[in-house]
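So that you can map any letter, position 2 of the sequence shown is 2 in full-length UniProt numbering, and since no number is skipped, the others follow by simple counting.
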Amino acid sequence: MLQLNVNLLFTIINLVVLYLLLKKFLIKPVTDVMEEREKLIADGLNHANEAQEEALKMKQEYKDALSGAKEESAEIVEKAQVRAKAEYDRIVTEAGEKAGNIMNSAKINIQSEREQTIKALQSEIAGLAMAAAEKIVSEKTENQGNQEIYNQFLEEVGDAHEDSDND
C-alpha cells in the first residue's frame with residue numbers, strides 16, 4: 001500500500017507554496033514586464049509605420065511640388081524668351097526705320113547740295129565765259145571797231161545764261 005511519508009507531504013506542500021510564491025512574485029511581474037515590452041514594441045512599430053507613411057506622403061508632395069516648380073520655371077523661361085524676342089524685333093525694326101530715315105535725309109541733302117553746286121558752277125562758268133567773250137570782243141572791237149558783233153555776242157551769251165538759270 002501506499003504509505004505516505006510525512007516528508008513527501010511536506011515536500012509537496014513546499015512545492016505548491018513555492019509555486020504560488022514564484023507565480024505571485026516572479027512569474028506575474030516578468031509576464032507583466034514582457035507584456036509591457038511587447039506593447040511598447042508594437043507601439044514603436046505602429047509609430048514607425050505611421051512615420052514612414054507620412055515620410056512617403058511628404059516625399060510625394062515634394063516630388064509634386066518640384067515637378068510643378070520645374071514646369072513653372074520652364075514656363076517662366078519660355079515667357080522671358082518670347083518677351084526678349086519681341087523686344088529684339090522691336091529694337092531691330094526701330095533701328096531699321098531710323099537708318100532708313102537717316103539714309104533718306106542724307107540722299108535729300110546730297111541731292112540739294114548737288115543741285116546748288118551745279119547752279120553755282122553754271123553761274124561761275126557763265127560769268128567766266130562772259131568775261132572771256134567780253135575780253136575777246138573788246139579786243140576785236142578795238143581792233144576792228146565792230147560794235148555790232150559785240151552786242152550780238154552779248155545777247156547770245158545772255159540768252160544762254162538765262163536758259164541755264166531756268167534749268
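Ideal Cβ positions, reconstructed from N, Cα and C, are used throughout, including at glycine. Note that this is a predicted model, so its numbers are computed, not measured.
- Note that the C-beta distance between F153 and A133 is below 8 Å.
- Rounded to whole angstroms, V30 and E53 show a C-alpha spacing of 34 Å.
- Each residue's CA atom was taken as its position, placing E94 and V82 some 18 Å apart.
- In the three-state reduction of the DSSP assignment, N109 falls in the helix class.
- According to the DSSP assignment, N5 belongs to no alpha helix (DSSP H), since it is labelled neither H nor E.
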